[in-house]
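Number of protein chains: 2
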Amino acid sequence: MNNRTIILNSRPSGMPVASDFKLITEPMPPIGPGEIWLKTLYVSIDPYLRGKMSGTKSPRFELDAPLSSMIIAEVVESRNKDFSKGEYVKQYLDWKEYQVSNGEGLIKISSTLAPLSTYLGVLGITGLSAYFALLEIGKPQTGETLVVSGAAGAVGSIAGQIGKLMGCRVIGVAGTDEKVELLKTKFGFDDAINYKTTPDMKVAIAKACPNGVDIYFDNVGGAISDAVIANINKYGRIPVCGSISNYNDTTEQISPSLLPLVVYKFLTIQGFLIADYASKFPEGITRLSSWLNEGKITYSETILNGFDRLPEAFIGLFEGRNEGKMIVKV
Amino acid sequence: MNNRTIILNSRPSGMPVASDFKLITEPMPPIGPGEIWLKTLYVSIDPYLRGKMSGTKSPRFELDAPLSSMIIAEVVESRNKDFSKGEYVKQYLDWKEYQVSNGEGLIKISSTLAPLSTYLGVLGITGLSAYFALLEIGKPQTGETLVVSGAAGAVGSIAGQIGKLMGCRVIGVAGTDEKVELLKTKFGFDDAINYKTTPDMKVAIAKACPNGVDIYFDNVGGAISDAVIANINKYGRIPVCGSISNYNDTTEQISPSLLPLVVYKFLTIQGFLIADYASKFPEGITRLSSWLNEGKITYSETILNGFDRLPEAFIGLFEGRNEGKMIVKV
Numbered sequence: 002m003n004n005r006t007i008i009l010n011s012r013p014s015g016m017p018v019a020s021d022f023k024l025i026t027e028p029m030p031p032i033g034p035g036e037i038w039l040k041t042l043y044v045s046i047d048p049y050l051r052g053k054m055s056g057t058k059s060p061r062f063e064l065d066a067p068l069s070s071m072i073i074a075e076v077v078e079s080r081n082k083d084f085s086k087g088e089y090v091k092q093y094l095d096w097k098e099y100q101v102s103n104g105e106g107l108i109k110i111s112s113t114l115a116p117l118s119t120y121l122g123v124l125g126i127t128g129l130s131a132y133f134a135l136l137e138i139g140k141p142q143t144g145e146t147l148v149v150s151g152a153a154g155a156v157g158s159i160a161g162q163i164g165k166l167m168g169c170r171v172i173g174v175a176g177t178d179e180k181v182e183l184l185k186t187k188f189g190f191d192d193a194i195n196y197k198t199t200p201d202m203k204v205a206i207a208k209a210c211p212n213g214v215d216i217y218f219d220n221v222g223g224a225i226s227d228a229v230i231a232n233i234n235k236y237g238r239i240p241v242c243g244s245i246s247n248y249n250d251t252t253e254q255i256s257p258s259l260l261p262l263v264v265y266k267f268l269t270i271q272g273f274l275i276a277d278y279a280s281k282f283p284e285g286i287t288r289l290s291s292w293l294n295e296g297k298i299t300y301s302e303t304i305l306n307g308f309d310r311l312p313e314a315f316i317g318l319f320e321g322r323n324e325g326k327m328i329v330k331v
Numbered sequence: 002m003n004n005r006t007i008i009l010n011s012r013p014s015g016m017p018v019a020s021d022f023k024l025i026t027e028p029m030p031p032i033g034p035g036e037i038w039l040k041t042l043y044v045s046i047d048p049y050l051r052g053k054m055s056g057t058k059s060p061r062f063e064l065d066a067p068l069s070s071m072i073i074a075e076v077v078e079s080r081n082k083d084f085s086k087g088e089y090v091k092q093y094l095d096w097k098e099y100q101v102s103n104g105e106g107l108i109k110i111s112s113t114l115a116p117l118s119t120y121l122g123v124l125g126i127t128g129l130s131a132y133f134a135l136l137e138i139g140k141p142q143t144g145e146t147l148v149v150s151g152a153a154g155a156v157g158s159i160a161g162q163i164g165k166l167m168g169c170r171v172i173g174v175a176g177t178d179e180k181v182e183l184l185k186t187k188f189g190f191d192d193a194i195n196y197k198t199t200p201d202m203k204v205a206i207a208k209a210c211p212n213g214v215d216i217y218f219d220n221v222g223g224a225i226s227d228a229v230i231a232n233i234n235k236y237g238r239i240p241v242c243g244s245i246s247n248y249n250d251t252t253e254q255i256s257p258s259l260l261p262l263v264v265y266k267f268l269t270i271q272g273f274l275i276a277d278y279a280s281k282f283p284e285g286i287t288r289l290s291s292w293l294n295e296g297k298i299t300y301s302e303t304i305l306n307g308f309d310r311l312p313e314a315f316i317g318l319f320e321g322r323n324e325g326k327m328i329v330k331v
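Line order of the protein sequences matches chains A and B. When we follow the numbering used here, the leftmost residue of the first sequence carries the number 2, and every step to the right adds one. When we follow the numbering used here, the leftmost residue of the second sequence carries the number 2, and every step to the right adds one.
Below is the structure:
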């Protein structure tokens with residue numbers, strides 16, 4: 002029996018393409034004393050991986066070596082007393098169908114409390130990113146206006162819903178009419194804008210936000226962000242969680258200069274680093290879980306089936322193919 | 002006897018010019034019960050006034066009404082039991098030679114502890130801005146690299162010295178060789194760069210900062226800031242205290258997009274608002290005073306003599322005529 006792996010074949014230049022990835026087969030790894038054998042079940046597909054592929058984000062992926070991301074796996078054989086066959090774990094693991102681990106760093110999860118895939122989304126780094134970036138950097142106050150870009154994405158859809166729970170007026174920006182509809186119905190946003198069919202985003206944001214923008218939760222960067230920031234209020238806060246519109250840029254982009262606005266409006270712009278909040282993860286998971294159980298927040302997943310579809314799922318992120326969390330089920 | 006006043010004659014468009022100001026004379030104000038008569042001694046001349054003139058900063062100055070800024074004045078007549086003739090006070094006051102006050106909000110100062118003019122500079126809003134913007138937003142750590150723009154200015158020269166006291170390597174950017182020399186000798190900066198004679202500031206900053214830039218204390222914005230930020234390290238902090246290169250812009254400026262960098266490097270960019278730190282002013286003044294008395298920090302003042310030179314002094318800020326704090330002595 003052979004084991005399938007996906008390796009980085011070439012560093013993407015611009016938009017990633019299928020040939021940047023390569024599916025190889027290798028012998029099944031042997032399992033030694035103290036080790037366990039893991040079978041990959043769900044793979045988290047995230048925009049930040051783009052930076053690790055091109056090397057702008059460290060640690061970067063190496064050429065001809067396996068890619069990796071957060072994975073939910075099942076223990077299929079154990080020679081380690083701390084793990085039993087049939088248990089589920091999550092951790093940053095290689096894009097392999099099967100892999101061997103000594104158990105170090107693996108986090109056990111239960112399939113009875115919530116569907117396993119939610120540990121990659123609303124109860125995982127995705128939900129925690131939305132939670133801490135919004136609450137700790139955005140500092141939402143009742144009655145304020147929050148704009149979320151990439152709003153139908155995994156992080157954006159959760160951030161907007163938390164904004165509503167905090168009493169904000171919440172406006173989403175997304176790239177299809179279907180997503181816009183979903184934001185207003187399923188996710189309870191007050192309004193949403195399709196940037197692809199809106200000729201003047203600056204005007205559209207101004208119209209949707211008659212009191213200006215107090216918090217801009219940014220997942221995309223680029224022209225959308227320029228348009229939102231042009232409407233920002235004094236003392237505005239801008240948690241920057243992603244910049245997906247820029248990840249495939251091969252040349253430096255330009256924008257209206259931000260610094261004069263930072264001075265005149267006393268803005269805070271902060272790049273979000275999930276590791277800064279590690280000590281508060283239990284608090285975040287507890288609140289997200291109870292909101293989820295009380296039906297106060299909901300989530301979307303786009304699940305592609307099949308190990309060989311990992312590259313397709315990743316490329317799809319930049320084509321806006323996902324609604325909510327992009328996941329590959331192996 | 003007539004009283005001289007300077008009023009806003011027209012809102013500056015681009016670089017302020019003499020005709021934006023008008024010197025008028027009016028009768029001396031009468032003094033009533035409970036009131037005091039103040040004689041203006043020193044007037045603080047600051048870049049932020051530009052925004053109040055054009056109306057981008059509120060509260061804006063009104064046309065045909067007196068301008069105002071922080072002023073040191075002497076009580077020359079008192080019908081208020083809380084003030085005696087000969088006492089000195091500071092407060093935001095009108096650009097008038099004499100004015101009447103009911104005493105509300107006036108802060109008494111002593112000419113024996115420090116020269117009166119220092120209450121406009123190192124022991125005033127200037128010094129406190131440098132202190133809190135650097136310590137609270139910049140969060141300097143021993144061994145880090147701090148770059149200060151507008152480094153020979155009132156705020157910049159203090160910020161750089163505090164950076165040295167905190168154990169940072171400190172690099173200044175200024176606009177004349179004289180200022181560069183002064184930064185390295187009088188103010189103890191590790192290195193300084195004349196941006197006007199440096200063809201490639203990005204390269205020059207990289208050379209002066211072999212370990213990259215951890216903190217960028219920004220007073221100027223524009224191309225200088227773009228060049229410094231291109232060298233910023235992960236987790237960099239950018240307190241933005243001013244954007245003097247942009248204050249006279251009549252069209253929107255463009256820069257390399259900041260948001261991708263904010264994400265990749267987890268940057269914090271924050272517009273500094275002195276009012277946020279009002280409760281900590283006593284702490285700041287105590288530390289600045291003791292550093293001053295111990296000779297650990299020094300300061301520069303550019304003092305123009307004559308009430309009628311207020312417009313010239315203000316315009317001079319944008320021509321880089323000041324070394325340190327710009328003050329008019331009446």
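Beta carbons are placed, not taken as given, at the ideal position from N, Cα and C, and that holds for glycine.
Contact under 8 Å by Cβ, E145/A with I72/A: Counted from its first residue, the first sequence places residue 145/A at position 144. Counted from its first residue, the first sequence places residue 72/A at position 71. No, the Cβ-Cβ distance between E145/A and I72/A is not below 8 Å.
Cβ of P257/A within 8 Å of any chain B Cβ: Here the question's residue 257/A lines up with position 256 in the first sequence. Answer yes: the Cβ-Cβ gap between P257/A and chain B drops below 8 Å somewhere.
Contact list for the region 54-81 of chain A against chain B, Cβ threshold 7 Å: T57 and K58
Own chain partners of F190/A with C-beta closer than 6 Å, once the 5 adjacent residues on each side are dropped: In the first sequence, residue 190/A corresponds to position 189, counting from 1. Closer than 6 Å at Cβ, skipping near neighbours: G161, V171, G173 and L184.
Beta-carbon proximity of V221/B to I245/B, cut-off 8 Å: Numbered from 1 along the second sequence, position 220 holds the residue referred to as residue 221/B. Numbered from 1 along the second sequence, position 244 holds the residue referred to as residue 245/B. Cβ atoms of V221/B and I245/B: closer than 8 Å.
Proximal chain A residues relative to P261/B, where beta-carbon distance stays under 7 Å: As a working note, residue 261/B is residue 260 in the second sequence. Going along chain A in sequence order, the residues near P261/B (Cβ under 7 Å) are G222, S244 and N247.
Unbroken stretches of the alpha helix (DSSP H), 4 residues or longer, contained in the region 216-254 of chain B: Runs of the alpha helix (DSSP H) inside the region 216-254 of chain B: 223-230.
V334/A and W38/A closer than 8 Å at C-beta: With chain A covering only 2 through 331, there is no way to say anything about residue 334/A.
For E182/A, three-class secondary structure by DSSP: Locating residue 182/A in the first sequence gives position 181, counting from the first residue. It is helical.
I206/B at chain A interface by Cβ criterion, 8 Å: Residue mapping note: residue 206/B aligns to position 205 of the second sequence, counting from 1. No, I206/B lies away from the interface with chain A (no Cβ there is under 8 Å from its Cβ).
Whole runs of the beta strand (DSSP E) within the region 38-87 of chain B, excluding any shorter than 3 residues: Fully enclosed beta strand (DSSP E) runs of 3 or longer: 69-79.
Residue burial classification, T113/B (beta-carbon count within 10 angstroms, cutoff 16): Position 112 of the second sequence, counted from the first residue, corresponds to residue 113/B. When all chains shown are included, T113/B counts as exposed.
Minimum Cβ-Cβ distance from D219/A to chain B less than 8 Å: Within the first sequence, numbered from 1, the residue matching residue 219/A stands at position 218. Chain B, which has a Cβ nearer than 8 Å to the Cβ of D219/A, makes this yes.
Same chain, Cβ closer than 8 Å to P60/B, five either side skipped, listed in chain order: Here residue 60/B refers to the residue found at position 59 of the second sequence. Excluding positions up to five away in sequence, the list reads K53.
Counted within 10 angstroms of its Cβ, other Cβ atoms place V204/A as buried (16 or more) or exposed: Within the first sequence, numbered from 1, the residue matching residue 204/A stands at position 203. Exposed: under 16 other Cβ atoms inside 10 Å.
Any 3 or more C-beta pairs closer than 8 Å across the region 121-133 of chain A and the region 96-103 of chain A: No, the region 121-133 of chain A does not touch the region 96-103 of chain A.
The region 242-262 of chain A touching the region 248-259 of chain B, judged by at least three CB pairs closer than 8 Å: The region 242-262 of chain A is in contact with the region 248-259 of chain B.
C-beta neighbour in chain A for L274/B, strict 8 Å: Your numbering for residue 274/B matches position 273 in the second sequence. Yes, L274/B counts as interfacial toward chain A.
Cβ of G157/B within 8 Å of any chain A Cβ: Position 156 of the second sequence, counting from 1, holds the residue named residue 157/B. For G157/B, the answer is no, since every Cβ of chain A falls outside 8 Å of its Cβ.
Rounded separation between L117/B and V329/B - CA only: By 1-based counting over the second sequence, the position of residue 117/B is 116. By 1-based counting over the second sequence, the position of residue 329/B is 328. Rounded to whole angstroms, L117/B to V329/B spans 13 Å at the Cα level.
Residues of its chain near D83/B, where Cβ-Cβ distance is below 6 Å and the 5 sequence neighbours each way are ignored: As a first step, residue 83/B is located in the second sequence; it is residue number 82 there, counting from the start. Cβ neighbours of D83/B beyond the five flanking positions: G104.
Proximity of G325/A and S158/A at Cβ, strictly below 8 Å: Residue 325/A sits at position 324 when you count from the first residue of the first sequence. Residue 158/A sits at position 157 when you count from the first residue of the first sequence. Yes, Cβ-Cβ distance for G325/A and S158/A is below 8 Å.
Helix, strand or coil at L94/B [DSSP, three-state]: To locate residue 94/B, count along the second sequence from 1; it is residue 93. Three-state result, L94/B: strand.
Bounding residues of the alpha helix (DSSP H) (the contiguous stretch that carries P283/A): Within the first sequence, numbered from 1, the residue matching residue 283/A stands at position 282. It spans F282 to N294 - the alpha helix (DSSP H) in which P283/A sits, taken as one unbroken run.
Own chain residues within Cβ distance below 8 Å of E63/B, not counting five before or after: Along the second sequence, read from residue 1 onward, the residue named residue 63/B stands at position 62. Correct list, in chain order: L9.
Distance CB(V229/A)-CB(I270/A) smaller than 8 Å: Stepping through the first sequence from its first residue, residue 229/A is reached at position 228. Stepping through the first sequence from its first residue, residue 270/A is reached at position 269. In this structure, the beta-carbon distance from V229/A to I270/A does not fall below 8 Å.
T199/B - DSSP class collapsed to helix/strand/coil: For the purposes of this step, residue 199/B is taken as the residue at position 198 of the second sequence. Three-state DSSP puts T199/B in coil, outside helix and strand.
Test item: CB-CB of N232/A and A207/A under 8 Å: On the first sequence, position 231 is the one that residue 232/A refers to. On the first sequence, position 206 is the one that residue 207/A refers to. Result yes, Cβ atoms of N232/A and A207/A sit closer than 8 Å.
Anticipated Cβ contact below 8 Å, K235/A with F188/A, distance rounded: Within the first sequence, residue 235/A is the residue found at index 234, counting from 1. Within the first sequence, residue 188/A is the residue found at index 187, counting from 1. Rounded, the Cβ-Cβ distance is 28 Å, inconsistent with contact.
Sub-8 Å separation of S24/A and I46/A beta-carbons: As a first step, residue 24/A is located in the first sequence; it is residue number 23 there, counting from the start. As a first step, residue 46/A is located in the first sequence; it is residue number 45 there, counting from the start. Inspection of the sequence shows that residue 24/A is occupied by Leu rather than by Ser. In this structure, I46/A does not lie closer than 8 Å to L24/A by Cβ.
Member of G317/A, M202/A, L305/A and P28/A whose CA lies at the smallest distance from the CA of V331/A: On the first sequence, position 330 is the one that residue 331/A refers to. Among G317/A, M202/A, L305/A and P28/A, the Cα nearest to that of V331/A belongs to L305/A.
Beta carbon proximity, F282/B to chain A, threshold 8 Å: On the second sequence, residue 282/B is found 281 positions in, with the first residue counted as 1. No, F282/B does not count as interfacial toward chain A.
Alpha helix (DSSP H) segment containing P28/B, residue limits: Residue mapping note: residue 28/B aligns to position 27 of the second sequence, counting from 1. Not the alpha helix (DSSP H): P28/B falls in the beta strand (DSSP E), residues F22 to P28.
Among R5/B, T199/B, S79/B and A19/B, nearest to T29/B - alpha-carbon criterion: What you label residue 29/B is simply residue 28 of the second sequence in a count that begins at 1. First, the residue type needs correcting, since residue 29/B is Met and not Thr in the sequence shown. It is R5/B whose Cα lies nearest to the Cα of M29/B.
Burial state of P283/B, where buried means 16 or more other Cβ atoms lie within 10 Å: For the purposes of this step, residue 283/B is identified with residue 282 of the second sequence, where counting begins at 1. Exposed.
Residue environment, E302/B, which counts as buried when at least 16 other CB atoms sit within 10 Å: In the second sequence, the residue the question calls residue 302/B occupies position 301. Buried: at least 16 other Cβ atoms inside 10 Å.
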